[in-house]
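If you're matching positions, the sequence shown starts at 683 in this note's numbering and goes up one per residue.
From the three backbone atoms N, C-alpha and C, an ideal C-beta is built for every residue, glycine too.
Since this is a predicted model, take the numbers as computed values, not measurements.
Read through the structure below, which is laid out as structure tokens, and then see the notes.
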Amino acid sequence: MAKIIGNKLENIPWQERTEEDSMPIWRYSKNPIINRNAIPSSNSIFNSAVIPFEDGFAGVFRCDSKSVSMNIYAGFSKDGIHWNINHDPIEFQGENEEILRKEYRYDPRVCFIEDRYYITWCNGYHGPTIGMGYTFDFKTFHQMENAFLPYNRNGVLFPRKIGDYYAMLSRPSDTGHTPFGDIFYSQSKDMEYWGHHRHVMSTIKGDKSAWQGTKIGPGPVPIETDEGWLLIYHGVLTTCNGYVYRMGCALLDLDQLWKVKMRSSNYILGPYELYECVGDVPNVVFPCATLTDSETGRIAIYYGCADTVTSLAFTTVDELIKYMKENPL
683 MAKIIGNKLE
693 NIPWQERTEE
703 DSMPIWRYSK
713 NPIINRNAIP
723 SSNSIFNSAV
733 IPFEDGFAGV
743 FRCDSKSVSM
753 NIYAGFSKDG
763 IHWNINHDPI
773 EFQGENEEIL
783 RKEYRYDPRV
793 CFIEDRYYIT
803 WCNGYHGPTI
813 GMGYTFDFKT
823 FHQMENAFLP
833 YNRNGVLFPR
843 KIGDYYAMLS
853 RPSDTGHTPF
863 GDIFYSQSKD
873 MEYWGHHRHV
883 MSTIKGDKSA
893 WQGTKIGPGP
903 VPIETDEGWL
913 LIYHGVLTTC
923 NGYVYRMGCA
933 LLDLDQLWKV
943 KMRSSNYILG
953 PYELYECVGD
963 VPNVVFPCAT
973 LTDSETGRIA
983 IYYGCADTVT
993 SLAFTTVDEL
1003 IKYMKENPL
């Protein structure tokens, strides 16, 4: 049995699998957990990140407004299911006014490293790039330098240093709704200057694993296990009705994080339910966060649905590793 390397989380949200659930991930029966109008200004709330905080949970949420401007908001929960999201977006502090100017902010991730909570997001700066910031209390937020030049999306930090280096996954991009995309690894000694870029994995052309044939991108913060880093990611297929977003998983080497040890040919979750298939952007499941419990191996996955609402699903580390072994790429 694989073991999650990390902390116990006794209050992790959880629901047991039913007999009808045949996939390695099963949905929370009361999805969606955050509806599109959870705050007065919101048109939609999706593609958001949560993390254990104090005696409950905190999160950073993508809320597109009724003018359909994209921004990120802090929120809090006692149980990880029922959320109170601030009505005003996060206001970042920083020494450089050039960096603080906002074009848009969306699809955040949150990662605790050492003594603070780091936030990464897709940041508008003459095109999409990886915005970075941090907080100690989810009340005051500090913005750092952008990690990369435009264009890039899906910046996801690893939850600890690898030797002397911080580590990040990202997906180089372009100005528009990128019709391509592979996952890359980068490292930094100071969270400002990123280099030693390494290719991690590509899309799969042909019908061997067509669900991830157009583009892929890292999802939640990778989960450290005794067998490798467990990566949940999104993959996209171009159909006659547009893009379809699904979830997949891979296992990366513990020390050389750009080396893929295992990867599933089959997706682990796709848009089946009405709230995943119908919305502002139909046919999308997009994972941005997980909660994990090292004692039980449980994993709770937060994901955006149809670019409209936020939902919750469950699995275990053993389920995902077993699924990759049974459906290898």
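Per-residue burial, residue i [other beta carbons within 10 Å of its own, 16 or more giving buried]
i, result
"residue 783", "exposed"
"residue 956", "exposed"
"residue 992", "buried"
"residue 884", "exposed"
"residue 729", "buried"
"residue 937", "exposed"
"residue 778", "exposed"
"residue 749", "exposed"
"residue 802", "buried"
"residue 691", "buried"
"residue 736", "exposed"
"residue 868", "buried"
"residue 968", "buried"
"residue 788", "buried"
Spatial distance of residue i from residue j (CA atoms)
i, j, result
"residue 733", "residue 698", "21 Å"
"residue 894", "residue 861", "12 Å"
"residue 840", "residue 890", "29 Å"
"residue 846", "residue 731", "26 Å"
"residue 859", "residue 925", "10 Å"
"residue 932", "residue 951", "14 Å"
"residue 954", "residue 828", "36 Å"
"residue 776", "residue 693", "35 Å"
"residue 966", "residue 814", "25 Å"
"residue 744", "residue 947", "30 Å"
"residue 826", "residue 695", "32 Å"
"residue 764", "residue 717", "11 Å"
"residue 824", "residue 962", "31 Å"
"residue 915", "residue 770", "29 Å"
Where the alpha helix (DSSP H) through residue i begins and ends
i, result
"residue 1000", "999 to 1008"
"residue 779", "779 to 782"
"residue 957", "956 to 959"
Enclosing beta strand (DSSP E) for residue i [first to last residue]
i, result
"residue 919", "910 to 921"
"residue 733", "724 to 735"
"residue 906", "905 to 907"
"residue 694", "Here residue 694 belongs to no beta strand (DSSP E), and DSSP marks it neither H nor E."
Residue i - partner residues in DSSP beta bridges
i, result
"residue 869", "849 and 877"
"residue 1015", "Beyond the ends of the chain as shown, which are 683 and 1011, falls residue 1015; an answer cannot be given."
"residue 746", "726 and 752"
"residue 981", "974 and 997"
"residue 933", "912 and 944"
"residue 709", "995"
"residue 699", "In the DSSP output, where bridge partners are listed per residue, residue 699 has none listed."
Any chain D beta carbon closer than 8 Å to residue i
i, result
"residue 745", "The chain inventory of the structure shown lacks chain D, comprising one protein chain alone."
Distance cut-off 7 Å: residue i Cβ against heavy atoms of the ligand PLP
i, result
"residue 874", "As presented, the structure is devoid of all ligands, the ligand PLP included, so that no description of it is given."
Contained beta strand (DSSP E) runs [length at least 3] in the stretch 758 to 845, N- to C-terminal order: 787 to 795, 798 to 806, 810 to 817, 823 to 825 and 834 to 839
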